[in-house]
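Residues in the sequence shown are numbered consecutively from 1, following the working numbering.
Heads up: the structure comes next, in structure tokens.
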Amino acid sequence: MSDFSLLQNAGELPDAGNMRFGIIVTEWNRPITDALLKGALDALKACGVSESSISVRRVPGSFELVYGCSRMAQHGYTDAIIALGCVIRGDTPHFDYICSGTTEGLVHLNLEGKIPVINGVLTVNTEEQALERANRMNKGAEFAITAVKMVAYAHSFD
């Protein structure tokens, strides 16, 4: 473990040294999703995951996360996938459709798939809220810690 404060507050974490993770991250709202990605990568490495055991791929937007996660899961190279994105409310109902479709798709992958898929999509009203969650609150690290715990949970049935 490192002195990474979020890890110290996350409770007991399983050894993640032999775990493999995929991260699918959106290009849309990139300053926010890059911060989420950095937090996730830092947390995984602090948990003992080697760089070679982390595969990062990009998709255009949050709706495309479902397809990206599905394709990565089909290849079987990862123990869990973290989907990182950000949808900021606008003046049209587009926000509602994207959030609903993305959530339903990720839920379906969890129900039908063999590995955990972590929903790391921020759904916020303003860019300021998104930046707060991605940077100060370090939600990317939280999503990574959730992935580590879910892999350990899944392996407990092996």
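Cβ atoms here follow ideal geometry from the backbone N, Cα and C, with glycine treated the same way.
Given the structure is predicted, the values throughout are model-derived calculations rather than measurements.
Query - Inside the stretch 60-148 only - beta strand (DSSP E) runs reaching at least 3 residues - result: 80-88, 117-124
Report task. Return the CA-CA distance between T123 and F157, expressed in angstroms with no decimal places. Result -> Start at 1 with the first residue of the sequence shown, and residue 123 comes out as number 123. Start at 1 with the first residue of the sequence shown, and residue 157 comes out as number 157. Approximately 33 Å, taken between the alpha carbons.
Report task. Measure the beta-carbon distance from R58 to E27 and round it to whole angstroms, keeping in mind my assumption that it falls under 8 Å. Result -> By one-based count along the sequence shown, residue 58 stands at place 58. By one-based count along the sequence shown, residue 27 stands at place 27. Rounded, the Cβ-Cβ distance is 5 Å, consistent with contact.
Query - Bridge partner(s) assigned by DSSP for G22 - result: Your numbering for residue 22 matches position 22 in the sequence shown. Bridge partners of G22: S55, I81.
Requested in this report: Give the straight-line distance between the Cα atoms of R209 and P14, rounded to the nearest whole angstrom.
Outcome: Past the edges of the chain, shown from 1 to 158, lies residue 209, and the structure says nothing about it.
Requested in this report: Out of M150, G120, G90, point me to the one whose CA is closest to G39's CA.
Outcome: Indexing the sequence shown from 1 puts residue 39 at position 39. Looking at the Cα atoms, G120 is the closest of the given residues.
Query raised in the report: So, G140 versus A43, is the Cβ gap smaller than 9 Å?
Result: As a first step, residue 140 is located in the sequence shown; it is residue number 140 there, counting from the start. As a first step, residue 43 is located in the sequence shown; it is residue number 43 there, counting from the start. Taking 9 Å as the Cβ cut-off, G140 and A43 qualify as a contacting pair.
Query raised in the report: Does DSSP classify G39 as helix, strand or coil?
Result: Position 39 of the sequence shown, counted from the first residue, corresponds to residue 39. G39 falls in the helix class under three-state DSSP.
Query raised in the report: So, helix, strand or coil for D158, using DSSP?
Result: Sequence index remark: in the sequence shown, residue 158 carries index 158 (1-based). Looking at D158 - three-state DSSP - the assignment turns out to be coil, as it is neither helix nor strand.
Query raised in the report: According to DSSP, is L13 helix, strand or coil?
Result: For this step, residue 13 is matched to residue 13 along the sequence shown. Note: L13 maps to coil in three-state DSSP.
Query raised in the report: Under a three-way DSSP split, which group does V49 fall into?
Result: Here residue 49 refers to the residue found at position 49 of the sequence shown. Residue state, collapsed to three classes: coil.
Requested in this report: Taking only the alpha-carbon atoms, compute the straight-line gap between N125 and L84 and give it to the nearest angstrom.
Outcome: Position 125 of the sequence shown, counted from the first residue, corresponds to residue 125. Position 84 of the sequence shown, counted from the first residue, corresponds to residue 84. Taking the straight line from one Cα to the other gives about 17 Å.
Query raised in the report: Around the C-beta of S53, are 16 or more other C-beta atoms found within 10 angstroms, so that it is buried, or is it exposed?
Result: Residue 53 sits at position 53 when you count from the first residue of the sequence shown. That one is buried.
Requested in this report: Go ahead and label L36 buried or exposed: buried means 16 or more other beta carbons lie within 10 angstroms of its beta carbon, across all protein chains shown.
Outcome: Position 36 of the sequence shown holds residue 36. Classification of L36: buried, given that the 10 Å Cβ count is 16 or more.
Query raised in the report: Out of V148, A152, H155, which has the shortest C-alpha to C-alpha gap to L41?
Result: As a position in the sequence shown, residue 41 is number 41, starting the count at 1. Minimum Cα distance to L41 is reached at V148.
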